[in-house]
Amino acid sequence: MTVRATGVGSFPGDSQRDFEEALSVVLGELAADGGIPFLPEVPGRGAVAAMTGRSLGLVGELDADLQPSGWRLTGTSGAPTLDQRRARSLVAQDLDTFEERMADYAGPVKVQVAGPWTLAATVERPRGDKLLADHGARRDLAQALAVAVADHVADVRRRVPGATGVVLQLDEPALPAVLAGAVPTASGFGKHRTVHPPEASEALEWVLGAAVDAGAEPWVHCCAPDVPMGLLRGAGARGVMVDLALLGAEGHDAAAEALEAGDTIALGVVPTSGAMPSDKALVERVRRWLDMVGLDPAVVGERIVVTPACGLAGAAAADARRATELVRSVARSLGAG
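As structure tokens, then:
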């Protein structure tokens with residue numbers, strides 16, 4: 001039985017050298033033994049390197065620039081802005097390094113992109129407030145993101161010809177708040193209206209479907225207590241990445257159901273900072289969870305992926321390295337039975 005290991009995406013640092021060090025850690029720990037190496041993100045390099053900026057840099061059909069309050073659509077529908085070009089250039093630079101280091105690699109790889117609902121809850125309209133307030137704008141954003149995702153996956157497949165598969169991870173940390181009507185308005189005195197599940201699912205279907213059409217396996221990452229597992233899987237996610245410590249009773253049941261149905265569940269069990277548990281303690285934690293939900297490790301083990309609880313951008317460099325070492329070690333121990 002092979003239990004796989006990977007990371008959520010982000011690493012600490014604030015320079016290109018830090019990106020290269022993060023990539024060395026990722027490849028050193030995850031490019032063998034069933035690991036899924038990924039293109040690391042180092043958001044400390046600035047807004048164009050963070051999740052929102054990197055994703056907007058990939059989107060060629062909408063124009064956005066940086067304001068003191070964050071990213072905002074310009075409404076000009078012309079060429080990408082200077083800020084977008086900087087973000088796109090940084091992604092291309094990172095991919096150049098990734099391509100060079102993966103020249104002789106054969107196996108799966110993973111890349112991460114912010115999801116349509118997290119972007120809608122983060123990016124502002126030209127005249128203020130979030131895109132979430134405008135039905136047409138959020139629809140346009142999701143459709144533009146779908147095009148960008150297809151292009152991104154195709155680029156990764158071209159750059160890493162030895163890839164036996166590409167996982168497209170859609171980061172949706174804001175999705176539960178969007179569904180619950182809990183995203184604050186610009187004034188801070190109100191909340192944006194609830195987005196109902198059918199609309200939320202449709203936007204996700206466009207983006208996840210574009211990933212599939214481009215030849216990728218679509219996963220969604222959402223480290224929240226109320227991950228809408230059924231909605232994500234219904235929209236086409238074939239893998240869901242969760243923080244095991246945050247899941248409630250319904251989340252545990254939904255994760256078990258997904259594994260039984262043949263989908264992937266990435267269990268975030270390795271802490272992102274502070275004192276690190278032993279390999280043995282983490283292995284036992286996963287085994288106890290499988291026992292609690294009534295699943296046989298020998299049956300579902302190959303659909304389990306071990307990850308850190310969330311991204312590692314806020315961790316010390318030594319902790320980020322140790323967390324990556326641990327996910328590999330825990331996965332290997334679980335696979336050995």
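Sequential numbering of the sequence shown, starting at 1, is according to this note's numbering.
We treat Cβ as the ideally placed atom computed from N, Cα and C, and that holds for glycine.
Predicted model, so just to flag it, every value in this text is computed and none were measured.
| Item | Value |
| --- | --- |
| Every unbroken alpha helix (DSSP H) inside the stretch 250-335 [4 residues or more] | 279-292, 297-300 and 317-335 |
| Local Cβ density within 10 Å of Thr122, reported as buried at 16 or more and exposed below that | buried |
| Touching by the beta-carbon criterion (3+ pairs, under 8 Å), the stretch 129-145 and the stretch 79-88 | no |
| One or two residues paired with Gln112 in a DSSP bridge | Gln169 |
| Residues near Asp226 by beta carbon distance below 6 Å, same chain, minus five either side | Pro176 |
| Per-residue DSSP class, three states only, for Leu132 | helix |
| Distance CB(Gln67)-CB(Gln16) smaller than 9 Å | no |
| Proximity of Val212 and Ile36 at Cβ, strictly below 9 Å | no |
| Collapsed DSSP secondary structure at Ser69 in the structure displayed | coil |
| Contiguous beta strand (DSSP E) assignments of at least 3 residues, all confined to the stretch 176-200 | none |
| Rounded separation between Met229 and Val166 - CA only | 22 Å |
| For Phe19, the three-state DSSP class (helix, strand or coil) | helix |
| Nearest-angstrom Cα separation, counted from Ala254 out to Leu246 | 13 Å |
| Span separating the alpha-carbon of Ala200 from that of Glu284 | 36 Å |
| Segment contact flag, the stretch 290-297 with the stretch 233-240, C-beta cutoff 8 Å, min 3 pairs | no |
| Three-state secondary structure assigned by DSSP to Ala216 | strand |
| Reduced DSSP secondary structure (H/G/I, E/B, other) of Ala64 | strand |
| Beta-ladder partner(s) of His221, from DSSP | Asp171 and Met241 |
| Beta-carbon proximity list for Ala298, same chain, < 7 Å, skipping 5 on both sides | Met1 |
| Per DSSP, the bridge partner or partners of Ala163 | Gly107 |
| Alpha-carbon to alpha-carbon, Arg287 and Arg322 | 21 Å |
| Cβ-Cβ separation, Ala203 to Ser273 (assumed contact under 8 Å), whole Å | The Cβ separation is near 33 Å, so there is no contact. |
| Option in Ala154, Gly53 and Gln169 with minimal Cα separation from Thr120 | The question names Thr, but residue 120 is Ala in the sequence shown. Answer by Cα proximity: Gly53. |
| Anticipated Cβ contact below 8 Å, Thr185 with Asp129, distance rounded | 6 Å |
| Nearest-angstrom Cα separation, counted from Ala22 out to Arg159 | 19 Å |
| DSSP state of Gly337 mapped onto helix, strand, coil | coil |
| Closest Cα partner of Ala154 within the set Trp71, Ala214 and Met276 | Ala214 |
| First through last residue of the alpha helix (DSSP H) which encompasses Val91 | Leu82 to Arg101 |
| Between the CA atoms of Glu302 and Val207 - distance to the nearest angstrom | 26 Å |
| Whole-number beta carbon distance between Ala331 and Val3, since they are thought to touch under 8 Å | 4 Å |
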